[in-house]
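Structure first, then comments.
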Amino acid sequence: MGQFDYTVLKPSLPFIWTGLKFSVTLTLIAMSGGIVIGTLLALARLSSLKPLYTGAMLYVDLMRSIPLVMVILWFFLVIPLIIGKPVGAEYSAIITFTAFEAAYYSEIMRAGIQSVSKGQAMAGYALGMTYGQTMRLVVLPQAFRNMIPVLLTQTIILFQDTSLVYAIGAKDLLKAADIAGKNYNRPVEMYLFSAVIYFAICFTLSTFVKRLHKRIAVLR
Amino acid sequence: MAMIEIRGVCKWYGATQVLVDCSSSVDKGEVVVVCGPSGSGKSTLIKCVNGLELFEKGEIFVDGVSVGTAGTNLPKLRSHVGMVFQHFELFPHMTVVENLTIAQEKVLGRSRDAARDKGFSLLDRVGLKDFADKFPGQLSGGQQQRVAIARALAMDPICMLFDEPTSALDPEMIGEVLAVMQDLARDGMTMMVVTHEMGFAKNVAHRVIFMDEGRIVEDATKKDFFGTPRSERAQTFLSKILSH
Numbered sequence: 384m385g386q387f388d389y390t391v392l393k394p395s396l397p398f399i400w401t402g403l404k405f406s407v408t409l410t411l412i413a414m415s416g417g418i419v420i421g422t423l424l425a426l427a428r429l430s431s432l433k434p435l436y437t438g439a440m441l442y443v444d445l446m447r448s449i450p451l452v453m454v455i456l457w458f459f460l461v462i463p464l465i466i467g468k469p470v471g472a473e474y475s476a477i478i479t480f481t482a483f484e485a486a487y488y489s490e491i492m493r494a495g496i497q498s499v500s501k502g503q504a505m506a507g508y509a510l511g512m513t514y515g516q517t518m519r520l521v522v523l524p525q526a527f528r529n530m531i532p533v534l535l536t537q538t539i540i541l542f543q544d545t546s547l548v549y550a551i552g553a554k555d556l557l558k559a560a561d562i563a564g565k566n567y568n569r570p571v572e573m574y575l576f577s578a579v580i581y582f583a584i585c586f587t588l589s590t591f592v593k594r595l596h597k598r599i600a601v602l603r
Numbered sequence: 003m004a005m006i007e008i009r010g011v012c013k014w015y016g017a018t019q020v021l022v023d024c025s026s027s028v029d030k031g032e033v034v035v036v037c038g039p040s041g042s043g044k045s046t047l048i049k050c051v052n053g054l055e056l057f058e059k060g061e062i063f064v065d066g067v068s069v070g071t072a073g074t075n076l077p078k079l080r081s082h083v084g085m086v087f088q089h090f091e092l093f094p095h096m097t098v099v100e101n102l103t104i105a106q107e108k109v110l111g112r113s114r115d116a117a118r119d120k121g122f123s124l125l126d127r128v129g130l131k132d133f134a135d136k137f138p139g140q141l142s143g144g145q146q147q148r149v150a151i152a153r154a155l156a157m158d159p160i161c162m163l164f165d166e167p168t169s170a171l172d173p174e175m176i177g178e179v180l181a182v183m184q185d186l187a188r189d190g191m192t193m194m195v196v197t198h199e200m201g202f203a204k205n206v207a208h209r210v211i212f213m214d215e216g217r218i219v220e221d222a223t224k225k226d227f228f229g230t231p232r233s234e235r236a237q238t239f240l241s242k243i244l245s246h
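These protein sequence lines map, in sequence, to chains A and B.
Residue 461 in the working numbering is what sits at position 78 of the first sequence, and the numbering runs on without skipping anything.
Residue 124 in the working numbering is what sits at position 122 of the second sequence, and the numbering runs on without skipping anything.
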């Protein structure tokens, strides 16, 4: 192995920073959108209305059965056909991740909703609340609270998975490192550098989740 | 017309019939105790009254409104039928006073201030004013059940349903909950109470309904029920429960 040359890191920093910002933005948008859509999917799956139930189930099972990288490629090809004009790789990535992660978040929220006792919903109804009010005010806040550690763990996985957008050329952290590596002809250093950044962020977050888990377990 | 009118109600869980042709009524200001062995359908029956359980046959009217009919606005009906559960079912993510105000604000549309005033005066009534800002998890079972009663009362109910309100409580906490219920009865609240507390029935009830295997086998005034229950089943039940 040749000598590592770390002098290339400094000039590439602004470039890496832009990539990192996109990775984080993508993670945050896919997380928020995924949790909102996932919660709706979970409610549909727990509903007694057959079409809602079946539709949600098919969607979730489909997304969970296909490798993410294929979904990314397919959306990149299909979305322009649907809306009639090309979208950038970045927008395509945001839509894909939100739609894909919704399936995973929905399974978490479903478990969360089921972790709240039936009596809680009954108490809401008995006070005259509608289905929507009972869910919004009584069941979902508790489901969400019970599932925060699991939702965060899924978000860490999501952050790592965002590196797959290299497949469509969106400029995330990995892609930035890739380009910088080629620019300075120092690919090993740049890949290593990006791996360190991924590790630092994910390790910090998962340590935080572990602590949170203990605290929530104590609260309950 | 009676406040609660139950006519020929039948209910099935799959092939099992859990309510068989149940008929009874509760007049305004009347306290009716529903008792019977576990699995006799008494909790199911009381949950049918505010539509928390559906029934396949028969009719139930609450204040003249038919519960089982398709077009009935159940949320509206329930908003003025108070219900108290065996396991309290306070909302654990809200403080005690929030438990009392949430439905007043979101269902009845009361202002925050009006709801809080009402909440505090009811907490005072059940002796828990100092606990307003605590969370349910910080209260004892008896205290939680008193809060649950106050929560139901905050909606200004026209009648109250109690589903085994003391069954999940430690013996030393039963008294404080029964005292609140006795108070309510004395104030003329219409009450339907599923309970094993025969002392409460003797002191407070006007009538006693005895259920067994989904049927109402005895529906008598308190005096008749404790004096000379007609059915053999009720006699055995009473002799078992009163010997404790």
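All C-beta atoms, glycine included, are put in the ideal place defined by N, C-alpha and C.
Worksheet entry | Closer than 7 Å at the beta carbon, the chain B residues around residue 513 of chain A | The contacting residues are 77.
Worksheet item: Got a sec: does the ligand ADP put a non-hydrogen atom nearer than 8 Å to the Cβ of residue 186 of chain B?
Response: Of ligands this structure carries none, so the ligand ADP is not represented either.
Discussion item. At a CB distance below 9 Å, what residues from the segment 41-72 of chain B approach chain A? Give them in sequence order.
Written reply: For the segment 41-72 of chain B, the residues whose beta carbon sits under 9 Å from a beta carbon of chain A are, in order, 49, 52, 53 and 54.
Worksheet item: Helix or strand or just coil, what does DSSP make of residue 550 of chain A?
Response: In the three-state reduction of the DSSP assignment, residue 550 of chain A falls in the helix class.
Fill in: Residues, ordered as in the chain, of the segment 100-114 of chain B that lie near chain A by beta-carbon distance below 7 Å
Those would be 104, 105, 108 and 109, in chain order.
Practice prompt. To the nearest angstrom, report how far apart residue 17 of chain B and residue 216 of chain B are at their CA atoms.
Written response: Distance from the CA of residue 17 of chain B to the CA of residue 216 of chain B, rounded to the nearest whole angstrom, comes to 14 Å.
Fill in: Counted within 10 angstroms of its Cβ, other Cβ atoms place residue 101 of chain B as buried (16 or more) or exposed
A buried status is given to residue 101 of chain B, since no fewer than 16 other beta-carbon atoms sit within 10 Å of its beta-carbon.
Worksheet item: Using the C-alpha atoms, what's the distance from residue 189 of chain B back to residue 75 of chain B?
Response: Spanning the two alpha carbons is a distance of roughly 29 Å.
Fill in: Run of the beta strand (DSSP E) containing residue 164 of chain B, from where it starts to where it stops
161-165 is the span of the beta strand (DSSP E), which, as asked, contains residue 164 of chain B.
Worksheet item: Exposed or buried, which one is residue 167 of chain B when buried takes at least 16 other CB atoms within 10 Å?
Response: Under a 10 Å Cβ-count criterion, residue 167 of chain B is classified as buried, with 16 or more other Cβ atoms of the shown protein chains found around its own Cβ.
Item to complete: Give the DSSP-derived three-state secondary structure of residue 8 of chain B in the structure shown.
Response: The answer is strand: DSSP assigns residue 8 of chain B an E or B state.
Practice prompt. Using only alpha-carbon positions, find the residue among B:179, B:154, B:118 and B:39 that is nearest to residue 243 of chain B.
Written response: Answer by Cα proximity: B:39.
Worksheet item: If you draw a straight line from the alpha carbon of residue 86 of chain B to that of residue 122 of chain B, how long is it in whole angstroms?
Response: The alpha-carbon of residue 86 of chain B is positioned some 19 Å away from that of residue 122 of chain B.
Worksheet item: Of the choices B:79, B:235, B:99 and B:105, whose alpha-carbon is the least far from that of residue 161 of chain B?
Response: Checked all of B:79, B:235, B:99 and B:105; the closest Cα to residue 161 of chain B is B:79.
Item to complete: Put residue 59 of chain B into one of helix, strand or coil per three-state DSSP.
Response: Note: residue 59 of chain B maps to strand in three-state DSSP.
Discussion item. Below 8 Å, how does it come out for the segment 19-38 of chain B and the segment 202-219 of chain B: are there three or more Cβ pairs, yes or no?
Written reply: Counting C-beta pairs closer than 8 Å gives three or more between the segment 19-38 of chain B and the segment 202-219 of chain B, which meets the contact rule.
Discussion item. If we define contact as Cβ-Cβ less than 9 Å, is residue 235 of chain B a contact residue for chain A?
Written reply: Under the 9 Å criterion on CB atoms, residue 235 of chain B is classed as non-interfacial with respect to chain A.
Practice prompt. Name, in chain order, the residues that DSSP records as bridge partners for residue 15 of chain B.
Written response: According to DSSP, which records beta bridges pairwise, residue 15 of chain B is partnered with B:18.
Discussion item. Could you tell me which whole alpha helix (DSSP H) segments of length 4 or greater appear in the segment 81-114 of chain B?
Written reply: Runs of the alpha helix (DSSP H) inside the segment 81-114 of chain B: 98-108.
Worksheet item: In the structure shown, what three-state DSSP assignment does residue 480 of chain A receive?
Response: In the structure shown, residue 480 of chain A sits in a helix (DSSP, three-state: H, G or I).
Discussion item. So the candidates are A:422, A:469, A:479 and A:438; which of them puts its Cα closest to the Cα of residue 450 of chain A?
Written reply: Here the closest residue by C-alpha is A:479.
Worksheet item: Going by beta carbon distance, what residues of the same chain come within less than 7 Å of residue 493 of chain A, once the five residues before and after it are set aside?
Response: Cβ neighbours of residue 493 of chain A beyond the five flanking positions: 425, 428 and 429.
Item to complete: Starting from the C-beta of residue 557 of chain A, find all residues in its chain whose C-beta is less than 7 Å away, skip the five residues before and the five after it, and write them out in chain order.
Response: The answer, listed in chain order, is 546, 549 and 577.
Discussion item. If you reduce the DSSP assignment to three classes, tell me which class residue 3 of chain B lands in.
Written reply: Correct three-state label for residue 3 of chain B: coil.
Item to complete: Starting from the Cα of residue 391 of chain A, find the closest Cα among A:452, A:417 and A:564 and give me that residue.
Response: Closest option to residue 391 of chain A, Cα to Cα, is A:564.
Discussion item. Counting only Cβ-Cβ distances shorter than 9 Å, please list the residues of the segment 520-543 of chain A near chain B, keeping chain order.
Written reply: So the close ones are 520, 521, 524, 525 and 528.
Worksheet item: At a CB-CB cut-off below 9 Å, which residues of chain B make contact with residue 505 of chain A?
Response: Contact of residue 505 of chain A with chain B by beta-carbon distance below 9 Å involves 49, 54, 85, 87 and 91.
Worksheet item: Cα separation between residue 263 of chain B and residue 518 of chain A?
Response: With chain B running from 3 to 246 in the structure shown, residue 263 of chain B is simply not present.
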